[in-house]
Ligand SMILES: Cc1cc2nc3c(=O)[nH]c(=O)nc-3n(C[C@H](O)[C@H](O)[C@H](O)COP(=O)(O)OP(=O)(O)OC[C@H]3O[C@@H](n4cnc5c(N)ncnc54)[C@H](O)[C@@H]3O)c2cc1C
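Pasting the structure below:
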């Protein structure tokens, strides 16, 4: 019997398992496939390297000093990370996931690879463990607490009864590739491109030879646009193509995956001896799609909650409520709500508000600062800001 079973060894699950193991708890970390490269831009904010994984520095990632954001009609805002906690980095997701999974294992978590969690083991109406499919048949893992960290495709999250299946209008759909070859993108910058629909594209240089390029839609525009088509249109757009002045570009990898788009599923975070963390519980920022940092935070808080619950011998729903009530989780919930309201504003005028904002920012430094703060520091713009954008749209 394990103290905790964590299903899914992505950023949320690995962080959770690491903290538990470091504190002397027996953890089973169940993973479908450690060779899977999660489709992701791999953009990491400074706090991940500074606060959670200083070990990342050993991989010598290229530091990003800032970047550019473009509106759909290609008005441009340049930003830098000074004042926002420091340089960001871009990682190949397979390398990142392996690194943080290894850290969990080194801390003492037991990793079970090639195990697909698919159901709970139930005794006397209590969920006492999980069942997995492996190449050699079904396996069972018993644990006091179960942490569901297996991302968007989580079967356990739905079977737990804590949440429903995703509805298409509550998610985003994105496709991306890693392209190898020397481009003219500045490797110390990130490039974000808003689109004329609910969605955006990005070019995140990983180093001087590789870029991660991708785009996606969200909410109702998942149904109005074809993901493969918008991806092809994006990478062939002349504003993107101009950076490919070299030759011999190789597409090293392509993948597509959904992500939550409406913020955290507050009512679904915990039950009797169960917690849901990361993507499986909606921990992705509604504007930027940033989910790695919030997933790590949720994994860590779930671990701390489990430690306290087991120590106090109370793993009931009531006891696990402190996961949701933790100041770091409350802060993320609050930030995402603010971001959701901004998304509504961006697209209330058929997407034109974003174009207007970028155009106004090009001509006015104060306005530009407000736009940048709105994207990167959860600062709600002033009423004058909204009035100005709305007035310009008439
Ligand atoms: C295209 C795209 C681009 C993105 N770009 C960024 C970005 O640049 N920066 C950023 O911060 N966020 C980005 N995100 C969001 C980010 O990828 C996620 O928020 C983050 O990976 C969530 O971490 P997680 O651990 O909750 O889930 P995941 O990373 O999805 O990890 C879940 C783990 O569970 C495993 N698993 C799944 N099912 C099972 C099962 N049945 N049994 C056992 N194991 C299972 C998986 O193999 C995986 O290892 C992007 C998302 C997408 C789709």
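Numbering (the working numbering), first residue to last: 3 to 396.
Idealized CB from N, CA, C, for every residue including glycine.
What you are looking at is a predicted structure, and each value in this text was computed from that prediction instead of being measured.
So, helix, strand or coil for residue 40, using DSSP?
coil
Using the rule of at least 16 other Cβ atoms within 10 Å of the residue's Cβ for burial, across every protein chain shown, is residue 82 buried or exposed?
exposed
Start and end of the alpha helix (DSSP H) containing residue 133?
That residue, residue 133, is in no alpha helix (DSSP H); its beta strand (DSSP E) goes 128 to 136.
So which of 186, 60, 204 and 196 has the shortest CA-CA distance to residue 211?
186
So, is residue 99 buried or exposed, given that buried needs 16 or more other C-beta atoms within 10 angstroms?
buried
Using beta-carbon positions only, say whether residue 237 and residue 179 come within less than 9 Å of one another.
yes
Does DSSP classify residue 60 as helix, strand or coil?
helix
Within 10 angstroms of the Cβ of residue 61, are there 16 or more other Cβ atoms? Answer buried if so, exposed if not.
exposed
Collapsed DSSP secondary structure at residue 167 in the structure displayed
coil
Just how far apart, CA to CA, sit residue 53 and residue 172?
31 Å
Where are the alpha helix (DSSP H) runs, 4 residues long or more, that stay fully inside the stretch 260 to 326, in chain order?
Runs found: 294 to 313.
Which word fits residue 305, buried or exposed, when buried means at least 16 other C-beta atoms lie within 10 angstroms of its C-beta?
So residue 305 counts as buried.
Between residue 93 and the rest of its own chain, which residues show a CB-CB distance below 8 Å, the 5 nearest in sequence each way excluded?
Same-chain partners within the cutoff: 44, 46, 58, 61, 63 and 208.
Environment of residue 251 [buried if 16+ CB atoms lie within 10 Å]
exposed
Relative to the alpha-carbon of residue 107, which residue among 33, 138, 174 and 136 has its alpha-carbon at the smallest distance?
Taking only the C-alpha atoms, the option nearest residue 107 is 33.
Helix, strand or coil: how does DSSP classify residue 359 here?
Correct three-state label for residue 359: helix.
Please classify residue 20 as buried or exposed, where buried requires at least 16 other C-beta atoms within 10 Å of its C-beta.
By the 10 Å Cβ count, residue 20 comes out buried.
Taking all protein chains shown into account, decide if residue 3 is buried (16 or more other Cβ within 10 angstroms of its Cβ) or exposed.
exposed
For a minimum of 4 consecutive residues, which ranges assigned as the alpha helix (DSSP H) are wholly contained in the stretch 195 to 271?
Fully enclosed alpha helix (DSSP H) runs of 4 or longer: 223 to 226, 229 to 237 and 240 to 243.
Proximity test, residue 38 beta-carbon vs ligand 1 heavy atom, cut-off 8 Å:
yes
One question on the structure: do residue 177 and residue 233 come within less than 9 Å of each other, judged by their Cβ atoms?
yes
Helix or strand or just coil, what does DSSP make of residue 27?
coil
How about residue 271 and residue 349: do their beta carbons lie closer than 9 Å?
no
Just checking my contact of residue 338 with residue 291 at CB under 8 Å: how many whole Å lie between their CB atoms?
With a Cβ gap of about 12 Å, residue 338 and residue 291 do not count as contacting.
How many angstroms separate the CA atom of residue 361 from the CA atom of residue 50?
32 Å
Can you tell me the Cβ-Cβ gap for residue 67 and residue 190, rounded? I've got them flagged as a contact below 8 Å.
5 Å
Grouping DSSP H, G and I as helix and E and B as strand, with all else coil, what is residue 55?
coil
If you follow the beta strand (DSSP E) that residue 82 is part of, which residue opens it and which one closes it?
78 to 82
Give the DSSP-derived three-state secondary structure of residue 142 in the structure shown.
strand
Mark residue 225 as exposed unless 16 or more other C-beta atoms lie within 10 angstroms of its C-beta, in which case mark it buried.
With fewer than 16 other Cβ atoms within 10 Å, it is exposed.
Which same chain residues end up closer than 6 Å to residue 256 when comparing Cβ atoms and leaving out the 5 residues on each side of it in sequence?
179
Are there any heavy atoms of ligand 1 lying less than 8 Å away from the beta-carbon of residue 207, as far as the coordinates show?
no
What do you get for residue 163, buried or exposed, if any count of 16 or more other CB atoms within 10 angstroms of its CB means buried?
exposed
Let me check you understand the geometry: is the CB of residue 112 closer than 8 Å to at least one non-hydrogen atom of ligand 1?
no
Just the Cα atoms here: how many angstroms apart are residue 137 and residue 116?
8 Å
Whole-Å CB distance - residue 72 paired with residue 196, under 8 Å assumed:
7 Å
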